[in-house]
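The block underneath contains the structure these notes are about, expressed in structure tokens.
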Amino acid sequence: MFFPEGQIQVQLYGEPVDMRKSFDGLSALAMHGMGQNPLSGQLFVFINRRATQIKVLYFDRSGFCVWAKRLEAGRFLSDWRAVRSREMDWTALKLLLEGIEPGRQRKRYRRTK
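37 is the number that our numbering gives to position 11 of the sequence shown; each next residue is one higher, with no gaps.
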């Protein structure tokens, strides 16, 4: 994913998502669940219930793209109760992908030797 960082809008879906969904299912969630146009060029972020998988849906002028990441240890989120559908910036998405939650002191996982 190569984007001009200052121009990217990121929409986080605030409920757990079935990770079996792909292009059509995720674009339907963006349209009906978030009230956004999936063809707008924004990034739409979806996380599963256990917060171990994340998918990012975006439209790049020629078609939909889905980027996925699955953690082997740890979680993207510590608590679903604090998550709401919202707009975030590119930096917040990068922090989320690295497992850094603002206001949380513990690391996502512990390194084993």
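Don't be surprised by glycine CBs; every beta carbon is placed ideally from N, CA and C.
Remember, it's a predicted structure, so these values are computed and weren't measured experimentally.
Just the C-alpha distance for residue i and residue j, rounded to the nearest angstrom, thanks.
| i | j | result |
| --- | --- | --- |
| G21 | K120 | As shown, the chain starts at 27 and ends at 139. That puts residue 21 outside it, with no answer to give. |
| V82 | C91 | 8 angstroms |
| S111 | Q37 | 7 angstroms |
| G100 | G89 | 32 angstroms |
| H58 | L52 | 10 angstroms |
| A94 | G61 | 22 angstroms |
| L122 | N63 | 23 angstroms |
| R87 | W106 | 33 angstroms |
Does the separation of the CB atoms of residue i and residue j fall below 8 angstroms?
| i | j | result |
| --- | --- | --- |
| E127 | S104 | yes |
| Q79 | M114 | no |
| F102 | A77 | yes |
Ignore the nearest five residues each way along the sequence and tell me which others in residue i's own chain have a CB closer than 6 angstroms to its CB.
| i | result |
| --- | --- |
| L65 | F85 |
| Q68 | Q35 and Q37 |
| L97 | T78 |
Under 8 angstroms Cβ to Cβ from residue i, same chain only, skipping five residues before and after it: list those, please.
| i | result |
| --- | --- |
| F49 | L83, F90 and V92 |
| L55 | Y39, V43, K47, F70 and F72 |
Who are the near neighbours of residue i in its chain, counting only those whose CB is closer than 7 angstroms to its CB and skipping five residues on each side?
| i | result |
| --- | --- |
| N74 | P42, V43 and M45 |
| T138 | none |
| V109 | G40 and L103 |
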